[in-house]
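Presented below is the structure to which this report refers.
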Amino acid sequence: MNQIKFYQKGTFTVGNRLVAEEERTTQASPARSNSLTCGHRACQGCGEALGARYAVDAAMRAADGQLIAVNATGCLEVFTTPYPETSWQIPWMHSLFGNAPAVATGVAAAMRVKGRTEVRTIAQGGDGGTTDIGFGCLSGMFERNDDVLYICYDNQAYMNTGVQRSSATPPAARTATTPPVGDKPGNVFGTGKNVPLIAMAHNIPYVATASVADLRDLEAKVTKAMAIHGARYIQIFVPCPLGWGSVAHDTVRLARLGVESGLYPLFEAENGAVTSSTKIRRRVPVEDYLLLQRRFAHLFKKGKPVDDRVARLQAMADENIRRFNLLAPEE
Amino acid sequence: MLKQIEGSQAMAEAIALCRPEVVCAYPITPQTHIVEGLGALVKSGRLKTCEYINVESEFAALSVAIGASAAGARAYTATASQGLLFMAEAVYNASGLGLPIVMTLGNRAIGAPINIWNDHSDAMSMRDSGWIQLFAETNQEAVDLHIQAFRLAERLSLPVMVCVDGFILTHAVERVDIPDQETVDAFLPPYEPVQVLDPKEPVSLGAMVGPEAFTEVRYLEHHKQMRALEIIPELSAEFKGIFGRESGGLVRSYRTEDAETIVVAMGSVVGTIKDVVDERRAQGDRIGVVSICSFRPFPQEQLREALAGASRVVVLEKALAVGMGGILAGQVQMALGGHGPKVYTLIAGLGGRPILKTSLSAFLDKVVADPHLDVHFLDLKHDVVERELERAAHLRRSGPTAENVLKQLGTVMSSPV
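Those protein sequence lines, which keep their order, are chains A and B. Residues are numbered in this note's numbering as their position in the first sequence, beginning at 1, plus a constant of 1. Residues are numbered in this note's numbering as their position in the second sequence, beginning at 1, plus a constant of 42.
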C-alpha cells in the first residue's frame, strides 16, 4: 500500500508551510545578509541570480559575514555591477573571464598570510568561465587544494555573449553556434565534459551539484562546503529563459524537471567518492523537460519526437539514474 | 654584504628583503632561478610570513598575484618571453585595476622560432600595458631596482616590471652588494593599499566601465605614470642616500659631454657600449652613451636634455617592430620632436646574438661615412638571407624559413657570429 506523504520539504508540493520555522527558506528577513541585493539587471526568471543569491547568502551565514567573493566575467558579473550601482554588499572582485579560481587563490593566500583565517573566500562563474576558459586555473586551484569554494552557475551555454555553445551544453541543444540546421541539428552527441566528476578526480574534499528548484538542498550543500577547508566545488543548475527559450515563470519548474528526469543528477562527493545523491521523488520522462524549451524544439513535431535523439537523451538520463543511484528504493 | 653571486640568486635575496607576502612561481627560462631561490628561502624559513604558490601557468601566476594584491598583500612574481605573452590579459588587468605588483622579467626573445636567449621583444610587447618598466644595467642595479620597484609600485598603486637581461644578467655570477634587512626596511615601509577587499569595509572592484568614464580612467592611469617621472628620480636619490650608490633613475649619461655621437640603449648592453665609447674616445672620437632605465614612463624631456648637442644618435635596440623597424628608436625620435640630431636605428642582439665591440665600432664608422643609413641589423648574415630569398622566389613549396636558414648554416657554431 502506498504511503501518502504530506510533509515533503522544500518547494515540491506543499512548500515551506509545513516545515519547522527554523528550517524554512526565507526570501527576506532582517537577519539575511542580502549579499546580492535587489536592483541588479538580471533578466526576468534568471536562474543564476536566484542561485547566486541563495548560495552566497548561505556562504555568508556559514562564514559569519567574513566573506570575499571573486567573480569571473559573465552574466553574473555584468548584471550585478553596472557601476556606480553594485548589487554586492560583500567585498567582491572581478578580474578576468578565465582566472577567477586563481584570483581567489591569491585572496585566500593574502588572508592566510595576514593571519585573518576567519575570512573565507569564494569564487564564482558561469559554465563557460568554469568548464572552458577558466578550466586550467580551476584545475590548478583544485590540485593545490587551495582554500576556496568555487561555485559554478551552470546554464549550459555562453549566455552573456548571446547563447553560444560551451562544454556544458547538452547534446541536441540549439545555441547560436550549434544551430538547429542540417542533418545533425543542435549540439552534437558524445561531446562535453562533466566538471563535477573531473573535480572529484582531483580528490578535493567536497564536490556537489545542486539545483535552484531545491534551495534548501542548495543552502545545505553550501553550508557543508563552508565547514570544510581546502578546494571545494559546487555546480548549480540554473535555467536561463533567454538562452533556453523558456518562459520566465518556468525557471524553477525546469530546474526541477531537469533533476527529476535524471538529466541533472544531484549528488555530493567527498575526497573523490560519491557520498550521497538526491533521490528522484517523481520520475518524469525527458520529454516533460525538453518540451518546455525552444532550444530543443527541433527534436519534436506536434509534440512527438522526430527521430531517435529524444530516446538518446532519455538513455543519458537513465544512465545517470543508474550511475548515481537516483531512484529511491520501492516502499 | 658583498657576495660573489649569480644574478638570479642576488635578485631572490633582494626580493626576500622586500618582505613579499605572496610569491607565485611558474618556471620559464631564464627567470626560473629567481623563483627557485625565493622558494628555498620560504621553505627554509628564512623568508617568513610569505605564501609561496606553485601555479599551473603564467596566467595563473599573475592572477594569483592580482587576488593577493587586491586583498592587501605585497605580491610578487617573475616571468619571461612566452610566459609574459601567456599572461598578457592579466598584465593589462593588473595595471587597469591599479594593483602594485612587482614582477621580474628575465628578458628573452619571443617565438616562433622558439628561442630561449636574450632580447627585449617580451618587454616591448607589453610597452603599452600600463606597467612601469625599468631596465637594469648590471646585477647590482637589478638588486637595487627591485627594492625601489616595490616602493614605487606601492606609492603610485601601479604594477612595476623590472626588466633584466636573460642569461646575461640572470645567470652571470659577479660581485653584488646585498643590503641588510634594516636598511631595506628603512627604505621600504609595509604595504598600505589604497584599495582593498575586506569584509570590514566591502567594496566592489573590477566593475564594467562604459564610454562615459573609460577615457577618464585611462587618463588617470597615464597621469600616474607621468607622476612616476618625478617620483623615480626622487626614489633614486633617496636610495643613494641610504644605500650609498647610484641606481635607477630615468636616464643615465656616460661621457656625453661635447659628444657628437650618442648611443642610446637599455639594459646590460650599455656595459659593452661604455667599453666601445672608452676605446673610441681614446682615439679622439667624441662619443658617449645614454642608458634608459625607465622605459615606461618614457622620459622624453630628460632624454631630450641628455641628447642635446649631439649631431647623431644611434639607438641600439634588442627588439624589432616587424614591418616598421625600431621601437625604442621611434620613441627617441618622438622625444626629439623631429629636431636636432639624426636618429639611426640599430637592431642588435636578437635571440641572444652576441653584440660585439668590433661590430658596433664598425657600424659607428659607417654612420659617419653614410649619413643616410636605413634601419640596420648588426651582424646580419646577408649571404644567408639572400640565398633563402632567392630559393623562395623560385620554389613555391620552399618550406619553413627557420629550418631552411638553419640548414644553410649547418651545425650550430659554438663561437659567436
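Even glycine gets a Cβ: it sits at the ideal position worked out from N, Cα and C. Note that this is a predicted model, so its numbers are computed, not measured.
Three-state secondary structure (DSSP) of residue i
i, result
"B/TYR7", "Nothing in the structure corresponds to residue 7 of chain B, since chain B is present only between 43 and 459."
"B/ASP219", "strand"
"B/LEU247", "strand"
"A/LEU328", "strand"
"A/GLU55", "At residue 55 of chain A the sequence reads Tyr, which differs from the Glu that was named. Correct three-state label for A/TYR55: helix."
"B/LYS45", "strand"
"B/MET145", "strand"
"B/PHE209", "coil"
"A/GLN125", "strand"
"B/HIS418", "strand"
"B/SER401", "helix"
"A/ALA32", "coil"
"B/ARG294", "strand"
"B/PHE192", "helix"
"B/GLY367", "strand"
"A/MET227", "helix"
"A/VAL239", "coil"
"B/ARG438", "coil"
"B/GLU359", "strand"
"B/ARG116", "coil"
"A/TRP245", "helix"
"B/ASP186", "helix"
Which listed residue (the options) has its alpha carbon closest to that of residue i
i, options, result
"A/LEU258", "A/LEU51, A/THR178, A/TYR290", "A/TYR290"
"A/PHE80", "A/CYS39, A/ASP309, A/ASN195", "A/CYS39"
"B/TYR118", "B/ALA107, B/ALA112, B/LEU127", "B/ALA107"
"B/THR363", "B/GLY441, B/TYR94, B/GLN373, B/VAL332", "The amino acid at residue 363 of chain B is misidentified as Thr; the sequence shows Ala. Closest by alpha carbon: B/GLN373."
"A/PRO83", "B/ALA102, B/SER246, B/GLY367, B/THR212", "B/SER246"
"A/ASN272", "A/GLY48, A/ALA226, A/ARG310", "A/ALA226"
"B/LEU187", "B/ALA301, B/GLY172, B/MET203, B/LEU402", "B/MET203"
"B/ASN157", "B/VAL306, B/THR71, B/PRO253", "B/THR71"
"A/ALA221", "A/SER30, A/LYS185, A/ARG62", "A/ARG62"
"B/TYR296", "B/ALA307, B/GLY351, B/ASP421, B/LYS316", "B/LYS316"
"B/ALA361", "B/GLY391, B/LEU378, B/ARG346", "B/GLY391"
"A/ALA274", "A/HIS203, A/ALA256, A/ALA318", "A/HIS203"
"B/ALA102", "B/LEU127, B/LYS423, B/LYS449", "B/LEU127"
"A/SER262", "A/GLY107, A/LEU327, A/THR178", "A/LEU327"
Other residues of its chain near residue i: CB distance less than 6 Å, five sequence neighbours each side excluded
i, result
"A/LEU51", "VAL213"
"B/PHE419", "ILE389"
"B/ASN96", "ALA67"
"B/VAL311", "ILE397"
"A/ALA124", "VAL71, ALA101, PRO102, ALA105, VAL149, TYR151"
"B/GLU359", "GLY368, LEU370"
"A/GLY193", "SER168"
Own chain, CB closer than 7 Å to residue i, minus 5 neighbours either side, in chain order
i, result
"A/CYS44", "PRO242, LEU243"
"A/ALA200", "PHE143, VAL208, TYR234"
"A/TRP93", "ALA70, ASN72"
"B/LEU230", "CYS60, ILE189, PHE192, ARG193"
"B/ALA113", "VAL238, LEU239"
"B/LEU211", "GLY49, ALA178, ASN181, ALA184, SER310"
Proximal residues to residue i (C-beta, below 8 Å), its chain only, five neighbours per side dropped
i, result
"B/GLU98", "TYR68"
"A/VAL260", "SER212, ALA214, ASP215, PHE238, PRO266, LEU267, THR279, ILE281"
"A/ILE229", "PRO206, TYR207"
"B/ILE273", "LEU194, ARG197, LEU198"
Residue i: CB within 7 Å of a non-hydrogen atom of the ligand ZN
i, result
"A/ARG62", "Among the ligands in the structure shown, none appear at all, so the ligand ZN cannot be discussed."
Which residues, in chain order, does the region 215-245 of chain B contribute to contact with chain A at a C-beta distance below 7 Å? Under the 7 Å Cβ criterion, the region 215-245 of chain B contributes LEU239, ASP240, PRO241, PRO244, VAL245.
Can you confirm whether the region 188-196 of chain B touches the region 123-136 of chain B when touching is taken to mean that 3 or more C-beta pairs between the two stretches lie within less than 8 Å? In short, these stretches do not touch, since the Cβ pair count stays below three.
Listed in chain order, which residues of the region 55-78 of chain B have Cβ atoms closer than 8 Å to some Cβ of chain A? Residues passing the 8 Å Cβ filter: GLU63, VAL64, CYS66.
Are three or more beta carbon pairs between the region 197-209 of chain B and the region 135-150 of chain B nearer than 8 Å? Judged by Cβ distances under 8 Å, the region 197-209 of chain B makes contact with the region 135-150 of chain B, as three or more pairs qualify.
Residues of the region 156-173 of chain B whose Cβ lies closer than 8 Å to any Cβ of chain A, in chain order: Of all residues in the region 156-173 of chain B, none has a Cβ within less than 8 Å of some Cβ in chain A.
Take every Cβ of the region 133-141 of chain A, pair it with every Cβ of the region 90-108 of chain A, and state whether three or more of those distances are shorter than 8 Å. Yes, the region 133-141 of chain A touches the region 90-108 of chain A.
In chain order, what residues of the region 117-151 of chain B put their CB closer than 8 Å to some CB of chain E? Although the question refers to chain E, the structure presented lacks it and instead comprises the protein chains A and B.
Along the region 119-140 of chain A, what residues have a CB closer than 8 Å to any CB found in chain B? Identification of residues in the region 119-140 of chain A having a C-beta nearer than 8 Å to some C-beta of chain B yields VAL120, GLY137, CYS138, SER140, given in sequence order.
Give, in chain order, every residue of the region 247-276 of chain B whose Cβ lies closer than 9 Å to some Cβ of chain A. Flagged, chain order: LEU247, GLY248, ALA249, MET250, VAL251, GLY252, ALA255.
Note down, in chain order, all residues in the region 100-114 of chain B with a beta-carbon under 7 Å from any beta-carbon belonging to chain A. Within the region 100-114 of chain B, the residues whose Cβ lies closer than 7 Å to some Cβ of chain A are PHE101, ALA102, SER105, VAL106, ALA107, ILE108, GLY109, ALA110, ALA112, ALA113, GLY114, listed in chain order.
Are the region 165-185 of chain A and the region 284-298 of chain A touching by the rule of at least three beta carbon pairs closer than 8 Å? Under the 8 Å Cβ criterion, the region 165-185 of chain A counts as touching the region 284-298 of chain A, having at least three qualifying pairs.
Is it a yes or a no for the region 72-80 of chain B touching the region 44-54 of chain B, going by three-plus beta-carbon pairs under 8 Å? Touching, yes.
What residues from the region 102-113 of chain A come within 7 Å of chain B, judged by C-beta to C-beta, listed N to C? Within the region 102-113 of chain A, the qualifying residues are ALA103, VAL104, ALA105, THR106, GLY107, VAL108, ALA110, ALA111, MET112, ARG113.
Quick one: which residues of the region 75-95 of chain A get their C-beta closer than 7 Å to a C-beta of chain B? List them in chain order. For the region 75-95 of chain A, residues whose beta-carbon sits nearer than 7 Å to a beta-carbon of chain B comprise VAL79, THR82, PRO83, TYR84, THR87, TRP89, GLN90, ILE91, PRO92, TRP93, MET94, HIS95.
Quick one: any contact between the region 333-352 of chain B and the region 308-322 of chain B, if contact means 3 or more CB pairs under 8 Å? Three or more Cβ pairs drawn from the region 333-352 of chain B and the region 308-322 of chain B lie within less than 8 Å of each other, which places the two stretches in contact.
Using a Cβ cut-off of 8 Å, which residues of the region 214-231 of chain A contact any Cβ in chain B, in chain order? Listed by position, the residues of the region 214-231 of chain A near chain B (Cβ gap below 8 Å) amount to none.
Closer than 8 Å, Cβ to any Cβ of chain B: which residues of the region 34-66 of chain A, in chain order? From the region 34-66 of chain A, only GLY66 have a Cβ closer than 8 Å to chain B.
Given a limit of 8 Å on CB to CB distance, which residues of the region 81-97 of chain B reach chain A? Identification of residues in the region 81-97 of chain B having a C-beta nearer than 8 Å to some C-beta of chain A yields THR91, CYS92, GLU93, ILE95, ASN96, VAL97, given in sequence order.
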